[in-house]
Ligand SMILES: Nc1ncnc2c1ncn2[C@@H]1O[C@H](COP(=O)(O)OP(=O)(O)OP(=O)(O)O)[C@@H](O)[C@H]1O
Ligand SMILES: [Mg+2]
């Protein structure tokens, strides 16, 4: 816990100044969530969740910045938190980071005509994350950014655990469930072929024949029928 970044308070006047001229990228029923400032910084707002939650002790904004730092240390491209602030009046945290120039994988797939290359690359990217001990629970195609040079990067990194060694098979299978959470993403992977995607993943992850059988039985348990 001593590694936690500290948040500093932000006043209403400072917040107005910070967001001057910003464009709203995302909102939900609680209010604004993601803003883009004229100097290409993202402001991401975090609202308190349920009354009794670990987020009260370890807020999501702090998790986000901590995870981002650990990901970078492991060689995964992600954002770099600049400010971590607490808005007392509205009881919400905010972070700021420079925009990573890129497009989400979800939008990219709707624009390109070589979708298969991107999905094959996704399979090996997932294997890389798992080899590095990263269990990214929000791993859907809207949280993976395709950068200008074609590399993949991660955004929305608050919800993950990072362990020192590679993920075990059970955790890998659970992560496939997270990956298939959104209908649009499932449709993309379905048309590519789940079996084919899994084969690419297993090859990239270097999974032996005996472990492959176990991985597949976990997948049967964790992901909806009719996929793997
Ligand atoms: N660093 C970034 N670079 C480029 N675009 C970004 C970046 N961060 C966010 N965006 C854009 O803003 C959108 C929303 O950002 P983000 O995924 O962080 O929030 P969210 O999905 O609304 O939040 P949550 O998943 O917590 O509900 C992304 O889909 C992407 O289009
Ligand atoms: Mg997101």
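Numbering (the working numbering), first residue to last: 18 to 245. Backbone N, C-alpha and C define an ideal beta-carbon position, used for all residues, glycine too.
Report task. Go through the region 35 to 115 residue by residue and report every complete run of the alpha helix (DSSP H) that reaches 4 residues or more, in order. Result -> Runs of the alpha helix (DSSP H) inside the region 35 to 115: 77 to 90.
Report task. Return the first residue and the last residue of the beta strand (DSSP E) that residue 162 is part of. Result -> Where residue 162 is concerned, the enclosing beta strand (DSSP E) stretches over 161 to 164.
Report task. Mind listing which residues have their beta carbon within less than 6 Å of any non-hydrogen atom of ligand 1? Chain order is fine. Result -> Answer in sequence order: 42, 43, 50, 51, 59, 61, 96, 116, 117, 119, 121, 155, 159, 160, 162, 172, 173.
Report task. Return yes when the Cβ of residue 163 is within less than 8 Å of the Cβ of residue 95, no when it is not. Result -> No, the pair does not count as a contact, with Cβ atoms beyond the cut-off.
Query raised in the report: Smallest Cα separation from residue 137: which of 165, 116, 169?
Result: Ranking 165, 116, 169 by Cα distance to residue 137 puts 169 first.
**Report entry** Three-pair Cβ contact test at 8 Å for the region 216 to 226 versus the region 142 to 151
**Finding:** Yes: the two stretches touch, three or more of their Cβ pairs being nearer than 8 Å.
Report task. Out of 55, 171, 115, state which residue places its alpha-carbon closest to the alpha-carbon of residue 152. Result -> Selection 55, 171, 115 evaluated against residue 152 yields 171 as nearest (Cα-Cα).
Report task. Compute the beta-carbon to beta-carbon distance between residue 101 and residue 78, rounded to the nearest angstrom, for a pair I have assumed lies under 8 Å. Result -> So it is a contact: roughly 6 Å between Cβ atoms.
Report task. Hey, could you find the ends of the beta strand (DSSP E) residue 152 is sitting in? Result -> Bounds of the beta strand (DSSP E) holding residue 152 are 151 to 153.
Report task. Decide if the region 176 to 190 is in contact with the region 102 to 112; the criterion is three or more beta carbon pairs, one per stretch, under 8 Å apart. Result -> Note that the region 176 to 190 does not touch the region 102 to 112; fewer than 3 beta-carbon pairs, one per stretch, sit closer than 8 Å.
**Report entry** Burial state of residue 36, where buried means 16 or more other Cβ atoms lie within 10 Å
**Finding:** Looking at its Cβ environment, which holds 16 or more other Cβ atoms inside 10 Å, residue 36 is buried.
**Report entry** Contact check, residue 155 vs residue 176, beta carbons under 8 Å
**Finding:** A contact, by the Cβ cut-off of 8 Å.
Query raised in the report: Straight-line CA distance for residue 23 to residue 29?
Result: Their Cα atoms are separated by approximately 19 Å.
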